[in-house]
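Enquirer:
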Amino acid sequence: MAEPVMGLTPAGRLAFGLAAAVLAVDQAVKAWILYGLDLPSRFSLPVFGPLRFTMVWNEGVSFGFLQARHDLVRWGLTLFALAVAVALAAWARKADRRLLGVSLGLIIGGAVGNAIDRARFGAVADFIDVSALGFFPWVFNVADSAITIGVILMLADSFRRDDRPAG
Numbered sequence: 237m238a239e240p241v242m243g244l245t246p247a248g249r250l251a252f253g254l255a256a257a258v259l260a261v262d263q264a265v266k267a268w269i270l271y272g273l274d275l276p277s278r279f280s281l282p283v284f285g286p287l288r289f290t291m292v293w294n295e296g297v298s299f300g301f302l303q304a305r306h307d308l309v310r311w312g313l314t315l316f317a318l319a320v321a322v323a324l325a326a327w328a329r330k331a332d333r334r335l336l337g338v339s340l341g342l343i344i345g346g347a348v349g350n351a352i353d354r355a356r357f358g359a360v361a362d363f364i365d366v367s368a369l370g371f372f373p374w375v376f377n378v379a380d381s382a383i384t385i386g387v388i389l390m391l392a393d394s395f396r397r398d399d400r401p402a403g
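Residue numbers (the numbering used here): 237 to 403.
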């Protein structure tokens with residue numbers, strides 16, 4: 237394994253780089269949706285096939301679960317997301333597997349992206365709508381996608397067989 241640089245393993249550097257990229261893409265796409273397309277005033281816009289951009293302000297947790305329209309909950313969810321991101325960042329610093337680094341980076345970037353929305357707008361800007369497929373009724377965003385993929389990859393990494401000797 238390569239030596240850590242400035243306290244970061246190679247997988248840790250990958251995690252932080254990916255987190256920054258996810259955050260940048262998430263915020264850029266949300267800016268385009270909100271100000272370029274002005275989607276809030278249109279509410280829904282067909283893109284192609286079953287894909288629509290449908291503006292939804294999510295005041296709850298992922299995919300609109302546990303709706304809460306109180307400022308205390310808003311800031312509580314924001315602080316919780318940031319605390320999770322900090323805890324995962326501490327883990328990422330010492331990550332020793334590439335897949336783990338990728339999963340942590342995706343989750344960190346997505347969590348911070350949605351926390352920024354909550355702090356700025358009081359809710360998370362969701363707009364990707366594939367409900368026409370019939371089996372996924374929720375509207376989501378880039379950050380939600382990154383978090384979901386990150387969790388799936390983290391689970392896959394946890395089932396990975398480690399052939400290194402213990403001790």
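C-beta atoms are modelled at their ideal positions from N, C-alpha and C, and glycine is treated no differently. As the structure is a computational prediction, the values presented were derived from the model and not from experiment.
Need the endpoints of the beta strand (DSSP E) that I364 sits in, please.
Expert: V360 to D365
Enquirer: Pair every Cβ in the segment 337–355 with every Cβ in the segment 376–392, then say whether three or more of these pairs are closer than 8 Å.
Expert: The segment 337–355 makes contact with the segment 376–392; the number of CB pairs closer than 8 Å reaches 3 or more.
Enquirer: What whole-angstrom Cβ distance do V265 and G346 have, given they're in contact under 8 Å?
Expert: In fact, because the Cβ distance is near 12 Å, the residues do not count as touching under 8 Å.
Enquirer: Identify whether N350 lies in helix, strand or coil by the three-state DSSP scheme.
Expert: helix
Enquirer: Looking at W293: is its Cβ nearer than 9 Å to the Cβ of G358?
Expert: yes
Enquirer: For the beta strand (DSSP E) containing R288, list its first residue and its last residue.
Expert: L287 to N294
Enquirer: Nearest-angstrom Cα distance between A260 and F372?
Expert: 26 Å
Enquirer: Starting from F316 and walking both ways along the alpha helix (DSSP H), at which residues does that stretch end?
Expert: First-last of the alpha helix (DSSP H) with F316: D307 to R329.
Enquirer: State whether the segment 349–364 contacts the segment 269–280, with contact taken as three or more CB pairs (one from each stretch) at a distance under 8 Å.
Expert: yes
Enquirer: Identify, in the order they occur along the chain, each residue of the same chain with its Cβ nearer than 6 Å to the Cβ of V348, setting aside the five sequence neighbours on each side.
Expert: L259 and A321
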